[in-house]
Every structure is written in C-alpha cells, then in structure tokens.
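Visitor: Mind looking over this structure? Questions follow.
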Amino acid sequence: MKRASAKVSVVAPTANCPDLARSLRDFAAAADHIHDLKTFVELFKAGLVKTGLCAEADLLPPGEGGDQPQLFAAQQLTMPIVANGRVVAVGRMAAPTEKHHFDAEDLHLLGGLSELLGAAFNISFRLARDQQALATLKAILSLAPVGLCAVDDQGQIVAINTLAATWLAVKESDAIRDALPSDVTTEQFLRGTSFHLRVGGRLLFCQSRMPDDGQYAALVITDLTPEQGRFLDAVSREFYRAKLLRRPLQFVILEQAKPGVLLAAIPTMRGIVGRSAVIGPYDATRVALVFPESHWSAVVPQLRRLQDVIEFDAVRVGHSQLSTYEETPEGLIHDALTHQERLPSLTRPRVLVHDGYGAVGDALKLVLGDQCDVTGSTDPVEAQRLVEHEHFDAVLADSMTNAHGLNLIATAKAHNRQVRGFLLSSMLHERMSGQAHATEDVPVFSKPFNVELIRDQILASLSSMHVETQK
C-alpha cells in the first residue's frame, strides 16, 4: 500500500475558538480508516487543523519537501514522524494566524500527536503487510486440489478458495447456511460434521472441523473418485438393508496421517477379510470397512489379522455400529470419525473376571493389564449384561454352587464361539465334578491360586486363539 506523496494543505476555519468536539470526531473517523493510509492521513490533518493548534498541516514523505532549508521556514514547525525506528514522513505545521507562533502548550500537544501519528503509521504498515500475506495465501489456497473454506462462529464465510466458491456457489461474507444440505444445520456445521453434496454430476465429500479456540470452523471439500463414490453407495446400501432386516452392522475407519499408505494396502486387506466385509477408499488418508450382519466380536479377529500387513502403530481406528434404527449412514460415518483409538489398543484381548471377591479381579488385572484389557465384576447380573452386550476374548468366573460361572461362560460362547473360559473355585463341588462334558474345555483354577500361573495359561490360550483365526 503506497503512502500519500502529494502535498495537501488544509486551511484552518475562521472561527476564533477551536471546535474540539468536531476535531475529536474527525480523529475518530481517521482511526476507522487506519487500514487505508492515504485516507487516514487526510482525515487526521483535517482534525489537526480543526483543533486550532495550527493554520495548516502537511505530511510529506522524506525527500519530497524540496530544499532542506524550506522545511524550516519562519512561523512553521517541522517534526519527524517515526515508525519502525525510521522516519516515514515529515510533518510541517504553520502557526495559528491569530498568534503567529507556537507556545509551550502547543508544542507539548503537537509532540504527543506526532507520537500518535507514528504509532498509526506503524499499525497501517503492519495491516498492509498482513493484507498482502492474506492475498498471497488466498492465491496459494486457490491452487489446492480441495475446496477450503473458513466460517466464523456466527456462520458467516470469512475466507474461501476458488474451488470451494465454485462448488458451493457462495462467496466471502455469505452465510454457510446457503450451501448446506437441508438436513445439516449451521450449529451442527460449527460443532464439526460431515456430509455429501452432488454438484454438476460430482459427488463431493464435505467435512467441517472446529479448532480448539472455537472461533472459526474449517471446511474441507473433496471431489470423490468413482471408486470412492461406489464405496459410499455400498455403505448406504448395506446400511438400509441391515436396517430393514433388523440385522447387525459394523462400520470401521482406518486412518493414517501419511497419504496413500492405506490406499495401497486395500488389495491386501481385501484378501484378508474376504467376503466378510466391503472395503474401499474413504479419502487420501483413510480406508473404511463395512461388516454386514456381524457383531463386534467377529470384527476384532479380522482387525488383528490386518495388523500383520499395515503399520498398526501409526493407524487409528474409528468404529460405529447400527444400534438404533433411526440412524442414517451419515450418522454412522460421523460416529466412527469422532471416536477413534489406536489399532493396538482397540484389538487388545479383553478379559472379564467375575468373582464375588473384588480383590481377585484386582490381582488378575495387575498381572494381565500390560497385555490385556481386564474388566472386573462382583455382581452376577452385571456380569451377565457385560457378556451379552460386549466383546470378550476370555471369561474367568467363580464357580458357585448354582453353576453361575458355567452359565456365564456359556452365554459368552453363544455370542463369540472362540471365547476362552476359565473357572475359579475354592472347592470343585461334587455335583459339578460329575459334569465332565461341561467342564472338559473349561480349566479350573483352585483357590488360593498362583496369579502368574493363571496369567501364563490365559495368554497361551489367547495366543492359540489368534493363530486359529489366521488359518
């Protein structure tokens, strides 16, 4: 932004007393135009003359004031305007016509105003640099292969690149509401959501994210490839089929920060999961899988097998399932995107320990906790609910006289036939010891037991289960 270079003189009004109120209003108006240095200077000079401190005022860039002796003419005050440690302009003020000189009070006030003017120049230069940087950034963002848009907390678009403006048919200062589908509200957008748009035959994936400061929401728009479009159609198809037939459905998203890594592994992953899942690209960093008619207990072994072909330490997993029949495919995807874990932590073996004495669960959690997720239970009703609704790889249950331990293991096996069962017993009841057919595949640990021995046997059993699932 160029500084004013032409000499402008403003003649003082004929009134004998300065109109201070009008002068202050002029200074306030000048501050409103601080982003436009030329306008700011003109308004500031007008306000300065109206104060009656001088008959006229000039602001000249250094070197444009003619011969140096003329800068120090009689009945004039010359002072430098300093910003960023350098002289950016020379102020030249003519003494009031009624006094023909500047007294001490005038000099004091004008010195303060020169400091104010220097600070204003400094701010104006910084704003100019910021505007130039913003213009450069917008030019760069317009070259991006994705649509980008920033929205303030009131839902107004504050920045948008060319691609997003073309696809959404909006511009800066428009309301984002004008570009959203009918089922997506501005409030949902600002909290972070995802949706799809079809524009000119293209299927666009739109994802909004709210940064931690909460002042702006960022929208990223991706033009989907045909394969992505087919996969999303498959998600919708399997979703509505499961909803109609009241069948279970699991949706999984694998994400890695490095683009293309998971996409390259799709053929290998398809060979591992076979026909049990529909797998396809979600975007450049994510791959999604749909497991129709499957419970989570059937999905976990598949994910464990995938760990052998992908860099699982760098992969995050999002999981959601069809649990209520009022859901939508978009809601299923959104839940998986917003609830993610590291793949190793999600696929760690889960062990349920049920015993009326809580210290038993605490002891086994202590020796197994570094390799397994251990859940302790002392309430039979709660234990029954857990095995009916959650996935476990092993169940250790107290063998009471009512055979509750065996019943608990049988319930767990009904939901996951590969679950490993173990009984904890202070004494093997005579009535139960005769049921060889019921306990021959359920080892019994007598109390008091050796926790390290139990740990080794459980881990060995879980390891053999992992080998079986790979065959």
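Heads up: the sequence shown runs through residues 0 to 470, numbered per numbering that gives the first Met the number 0.
Positions of the beta carbon are idealized from the N, C-alpha and C atoms, including for glycine.
If you're wondering where the values come from, they're calculated on a predicted model, not measured in any experiment.
1. In this structure, does DSSP put Leu52 in helix, strand or coil?
2. Evaluate contact between the region 140 to 148 and the region 158 to 170, counting only Cβ atoms and requiring at least three cross-stretch pairs below 8 Å.
3. Could you work out which residue in Phe43, Ala88, Leu261, Val251 is closest to Leu302 when comparing CA atoms only?
4. Which residue marks the beginning of the beta strand (DSSP E) containing Gln250, and which one marks its end?
5. CA-CA distance, Val40 and Leu58?
6. Rounding to the nearest angstrom, what Cα-Cα distance links Arg226 and His195 in this structure?
7. From Asp369, Ala335, Val366, Val380, pick the residue whose C-alpha is nearest to that of Gly355; which is it?
8. Is the region 230 to 238 in contact with the region 279 to 296, if contact means three or more CB pairs nearer than 8 Å?
9. Among Leu202, Ala313, Ile278, Ala263, which one has its Cα closest to the Cα of Ala256?
10. Compute the Euclidean distance between the alpha carbons of Pro328 and Ile408, then round it to the nearest angstrom.
11. Quick one: residues in its chain with C-beta nearer than 7 Å to the C-beta of Val559, no 5 flanking neighbours on either side, listed in chain order?
12. With respect to the beta strand (DSSP E) encompassing Asp151, which residues constitute its N-terminal and C-terminal limits?
13. Figure out for me which residue from Gly110, Leu76, Phe120 has the closest Cα to the Cα of His100.
14. Alpha carbon to alpha carbon, how far is Gln306 from Gly228? Give it in angstroms, no decimals.
15. Rounded to the nearest angstrom, what separates Ala217 and Gly110 at their Cα positions?
16. In whole angstroms, what separates the C-alpha of Ala168 from that of Glu340?
17. For Leu223, I'd like the list of residues in its chain whose CB is within less than 6 Å of its CB, leaving aside the five on either flank, ordered along the chain.
18. Taking buried to mean at least 16 other C-beta atoms within 10 Å of its own C-beta, is Glu368 buried or exposed?
19. Would you call Lys446 buried or exposed, if buried means 16 or more other Cβ atoms sit within 10 Å of its Cβ?
20. Thinking C-beta only, is Arg269 closer than 8 Å to Ile278?
21. Bridge partners for Ile278 per DSSP, in chain order?
22. With the cut-off set at 8 Å, would you say Val386 and Leu351 are in Cβ contact?
23. Taking the alpha-carbon positions, what's the His333 to Gly357 distance?
24. Tell me where the alpha helix (DSSP H) around Gln417 begins and ends.
25. So for Gly433, helix, strand or coil by DSSP?
26. Arg416 and Ala393: beta carbons closer than 8 Å?
27. Work out the CA separation of Gly46 and Pro68 for me, nearest whole Å.
28. On the DSSP letters alone, give me the boundaries of the beta strand (DSSP E) that Glu310 sits inside.
29. Which whole-angstrom value is the C-beta distance of Leu108 and Leu52, which I expect to be below 8 Å?
30. Residues in the same chain with beta-carbon distance under 8 Å from Lys364, minus the five sequence neighbours each way, listed in chain order, please.
31. Whole angstroms is fine: what's the gap from Gly90's alpha carbon to Pro210's?
Guide: Reading off the structure:
1. Counted from its first residue, the sequence shown places residue 52 at position 53. Coil.
2. yes
3. Stepping through the sequence shown from its first residue, residue 302 is reached at position 303. Among Phe43, Ala88, Leu261, Val251, the Cα nearest to that of Leu302 is on Val251.
4. Taking the first residue of the sequence shown as position 1, residue 250 is located at position 251. The residue you asked about is not Gln; residue 250 is Phe in the sequence shown. Here the beta strand (DSSP E) through Phe250 covers 248 to 254.
5. If you number the sequence shown from 1, residue 40 lands on position 41. If you number the sequence shown from 1, residue 58 lands on position 59. Whole-angstrom Cα-Cα distance: 8 Å.
6. Numbered from its first residue, the sequence shown carries residue 226 at position 227. Numbered from its first residue, the sequence shown carries residue 195 at position 196. What sits at residue 226 in the sequence shown is Glu, not Arg. Going by the C-alpha atoms only, they are around 15 Å apart.
7. Walking along the sequence shown from the start, residue 355 turns up at place 356. Nearest C-alpha to Gly355: Val380.
8. yes
9. Within the sequence shown, the letter at position 257 stands for residue 256. Nearest of Leu202, Ala313, Ile278, Ala263 to Ala256, Cα basis: Ala313.
10. Here residue 328 corresponds to residue number 329 of the sequence shown, with the count starting at 1. Here residue 408 corresponds to residue number 409 of the sequence shown, with the count starting at 1. Rounded to whole angstroms, Pro328 to Ile408 spans 35 Å at the Cα level.
11. Lying before the first or after the last residue shown, residue 559 is absent from the chain, which here runs from 0 to 470.
12. Along the sequence shown, read from residue 1 onward, the residue named residue 151 stands at position 152. Counting along the chain, the beta strand (DSSP E) containing Asp151 begins and ends at 146 to 151.
13. In the sequence shown, the residue the question calls residue 100 occupies position 101. When only C-alpha atoms are compared, the closest one is Leu76.
14. Within the sequence shown, the letter at position 229 stands for residue 228. Within the sequence shown, the letter at position 307 stands for residue 306. Rounded to whole angstroms, Gly228 to Gln306 spans 27 Å at the Cα level.
15. Taking the sequence shown and counting its residues from 1, one reaches residue 217 at position 218. Taking the sequence shown and counting its residues from 1, one reaches residue 110 at position 111. Roughly 46 Å between the two C-alpha positions.
16. Walking along the sequence shown from the start, residue 168 turns up at place 169. Walking along the sequence shown from the start, residue 340 turns up at place 341. Taking the straight line joining both Cα atoms gives about 37 Å.
17. As a position in the sequence shown, residue 223 is number 224, starting the count at 1. Closer than 6 Å at Cβ, skipping near neighbours: Leu202, Phe204.
18. On the sequence shown, position 369 is the one that residue 368 refers to. Here the sequence assigns Gly to residue 368, which means Glu is not the residue at that position. Exposed, because fewer than 16 other Cβ atoms sit within 10 Å of the Cβ of Gly368.
19. Within the sequence shown, residue 446 is the residue found at index 447, counting from 1. It is exposed - the Cβ of Lys446 has fewer than 16 other Cβ atoms within 10 Å.
20. Taking the first residue of the sequence shown as position 1, residue 278 is located at position 279. Taking the first residue of the sequence shown as position 1, residue 269 is located at position 270. A contact, by the Cβ cut-off of 8 Å.
21. Here residue 278 is taken as the residue at index 279 of the sequence shown, counted from 1. In the DSSP output, where bridge partners are listed per residue, Ile278 has Leu288.
22. As a working mapping, residue 386 is identified with position 387 in the sequence shown. As a working mapping, residue 351 is identified with position 352 in the sequence shown. It is a contact, given that the beta carbons lie within the stated cut-off.
23. Along the sequence shown, one-based indexing puts residue 333 at 334. Along the sequence shown, one-based indexing puts residue 357 at 358. So the alpha carbons of these two residues sit roughly 38 Å apart.
24. Along the sequence shown, one-based indexing puts residue 417 at 418. Where Gln417 is concerned, there is no enclosing alpha helix (DSSP H), given that its DSSP letter is neither H nor E.
25. Counting from one through the sequence shown, the residue named residue 433 turns up at place 434. With a pLDDT of 34 at Gly433, under the threshold of 50, the modelled position of this residue cannot be trusted; read the value that follows with caution. In this structure, Gly433 counts as coil in the three-state DSSP scheme.
26. For this step, residue 416 is matched to residue 417 along the sequence shown. For this step, residue 393 is matched to residue 394 along the sequence shown. Contact flag unset, no.
27. Mapped onto the sequence shown, residue 68 falls at position 69. Mapped onto the sequence shown, residue 46 falls at position 47. Note that Pro68 scores 46 on pLDDT, short of 50, meaning its location in the model is unreliable; the coordinates nonetheless yield the value given after this. Cα to Cα, the separation comes out at about 27 Å.
28. As a first step, residue 310 must be located in the sequence shown, where it is residue number 311. Careful: Glu310 lies outside any beta strand (DSSP E) and carries neither H nor E.
29. As a position in the sequence shown, residue 108 is number 109, starting the count at 1. As a position in the sequence shown, residue 52 is number 53, starting the count at 1. The Cβ separation is near 6 Å, so the contact holds.
30. Looking up residue 364 in the sequence shown gives position 365. Excluding sequence neighbours, Lys364 sits near Val352, Val373, Gly375.
31. Mapped onto the sequence shown, residue 90 falls at position 91. Mapped onto the sequence shown, residue 210 falls at position 211. Cα to Cα, Gly90 sits roughly 46 Å from Pro210.
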